[in-house]
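Novice:
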Amino acid sequence: MATKLTANGVSTTTIPGTEQYEVFYTGYRSRRKKHYQYDYRHTDGELFSCVAGTLKECRQRRDEWLNKKIKNSK
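Just so we're aligned: the sequence shown equals residues -1 to 72 in my numbering.
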């Protein structure tokens, strides 16, 4: 990924229907742990953002969010 996920604290995910993610690590040496910062911009313009241990988990959370959004709109 060539771009940063945020600029001055604001998400750079601006195009509806797109996702971006960055990998970062916490801890030191043997306690080092990988995390994903994930942003998804819905087609209605609303932003979903989360941090999880895997990209798969981030996408599962996004899908749950989308399903809730669909249920609430009916």
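From the three backbone atoms N, C-alpha and C, an ideal C-beta is built for every residue, glycine too.
Between the segment 23 to 34 and the segment 2 to 13, are three or more C-beta pairs nearer than 8 Å?
Specialist: no
Novice: Using only CA atoms, which one of THR12, ARG30, THR4 and ARG59 lies nearest to THR41?
Specialist: Within the sequence shown, the letter at position 43 stands for residue 41. Comparing Cα positions, the closest option is THR12.
Novice: Give the straight-line distance between the Cα atoms of HIS33 and SER47, rounded to the nearest whole angstrom.
Specialist: Within the sequence shown, residue 33 is the residue found at index 35, counting from 1. Within the sequence shown, residue 47 is the residue found at index 49, counting from 1. Spanning the two alpha carbons is a distance of roughly 13 Å.
Novice: Any idea which residues DSSP pairs TYR36 with across the strands?
Specialist: Here residue 36 corresponds to residue number 38 of the sequence shown, with the count starting at 1. Paired residues: TYR19 and CYS48.
Novice: Looking at C-alpha atoms only, which residue of VAL21, ASP37 and TYR36 is the closest neighbour of ARG30?
Specialist: Within the sequence shown, the letter at position 32 stands for residue 30. Cα-wise, what sits closest to ARG30 is VAL21.
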